[in-house]
Amino acid sequence: MVEQVRDVDDADDLLAVDDRQATDVSPDHQVGNDHDMGVRPDGDDVGGHNVRDADAFDPLQQTVEGFLWLTLPAAPKQDQDALLDLARWASCRYSPSLNEDGDDGLWLDITGVPHLFGGEQALLADLAGRLARAGFTARLALAETLGAAHALARYGRSSSIIVPHGKIETALAPLPVEALRLEPEIVTLLKRLGLKRIGDVVVKEDRPEIRGMLQTVRHLIVVEEVD
């Protein structure tokens with residue numbers, strides 16, 4: 515038997531924005547073809563140090579090799595408010611839709627919008643530039659479905675990705691199965707079957723226990739009999 519993971523998440527065109535590094539973003543802040551877009555922070559290194567290293571510094575501030583670290587208590591409510599402000603700003607400039615993607619992201623429907631910016635690449639450049647000026651380091655992914663945009667924004671190798679029409683399967687193939695937004699137990703089961711990436715193909719012996727696992731993830735994979 516051959517099993518292959520496939521993305522079955524279909525949706526209308528959307529934009530997703532993750533802002534884990536955002537501070538003080540508002541609609542007035544100058545953050546100066548059917549597709550979905552996804553955005554997420556690009557890495558967590560700051561000034562040559564990993565952000566997680568900040569836990570070892572003074573809780574208020576510390577100067578390390580010329581860089582000033584300032585840490586504050588976690589403020590989930592303020593983070594949520596900042597995310598909503600960012601969504602309002604993005605919905606005014608790029609799309610009338612306003613949708614959160616988890617607790618650290620957004621998506622927008624940008625169907626029919628790219629030509630107003632001179633094309634898809636120009637739209638991404640405009641968005642990335644404005645987010646950068648507002649203090650964001652973002653990863654952008656533009657695709658035909660929300661699932662693809664979400665996956666590529668978070669797990670893609672490039673910080674700016676445009677998936678041509680009809681090429682979603684190719685774009686998603688090298689990504690880990692975690693990119694499919696599955697429950698942890700389903701991810702574990704897929705990996706037990708040897709399916710670690712979306713495009714993986716494996717051959718398994720036809721045994722009852724294998725068939726049992728396949729039945730659980732039947733909606734996510736393609737199974738074929740082989741000699």
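Residue numbering for the sequence shown follows our numbering, starting at 515 and increasing by one per position.
All C-beta atoms in this analysis are idealised placements derived from N, C-alpha and C, irrespective of residue type, glycine included.
Quick caveat: nothing in here was measured; it's all calculated off a predicted structure.
- Taking the Cα positions, residue 638 is about 13 Å away from residue 651.
- Proximity to residue 590 across 608, 618, 724 peaks at 618, based on C-alpha coordinates.
- In the structure shown, residue 654 falls within a strand segment according to DSSP collapsed to helix, strand and coil.
- If you draw a straight line from the Cα of residue 698 to the Cα of residue 643, it comes to about 35 Å.
- Counting other Cβ atoms within 10 Å of its Cβ, residue 630 stays below 16 and is therefore classed as exposed.
- According to DSSP, residue pairing for residue 674 in a beta bridge involves 654.
- In this structure, 736 is the residue among 606, 726, 736 with its C-alpha nearest to the C-alpha of residue 712.
- Closest by C-alpha distance to residue 649, out of 709, 707, 596, 722, is 596.
- Look at residue 735 here: in three-state DSSP terms it is strand.
- Distance from residue 653 to residue 667 at the Cβ level is roughly 5 Å; contact confirmed, criterion being Cβ atoms closer than 8 Å.
- In the DSSP assignment, residue 701 falls outside any beta strand (DSSP E) and lies within the alpha helix (DSSP H) extending over 698-706.
- Rounded to the nearest angstrom, the Cβ distance from residue 727 to residue 707 is 6 Å, consistent with a contact under 8 Å.
- Counting along the chain, the unbroken alpha helix (DSSP H) around residue 683 starts and ends at 682-686.
- Residue 656 sits close to residue 634, with the two beta carbons spaced by under 7 Å.
- Linking residue 610 to residue 623 through their CA atoms gives a straight-line distance of about 8 Å.
- A straight line joining the alpha-carbon of residue 587 with that of residue 665 spans about 30 Å.
- Within the same chain, and ignoring the five residues on either side of residue 685 in sequence, the residues whose Cβ sits closer than 6 Å to its Cβ are 677.
- When secondary structure is reduced to three states using DSSP, residue 587 falls in the coil class, being assigned neither helix nor strand.
- Listed in chain order, the beta strand (DSSP E) runs fully inside the segment 587-626 amount to none, counting runs of at least 3 residues.
- For residue 711, the pairing in a beta bridge is given by DSSP as 690.
- Counting of Cβ neighbours within 10 angstroms places residue 661 among the buried residues, the total reaching 16 or more.
- With a beta-carbon spacing of about 7 Å, residue 608 and residue 641 fall inside the 8 Å limit used to define contacts.
- Bounds of any alpha helix (DSSP H) do not take in residue 629, whose DSSP letter is neither H nor E.
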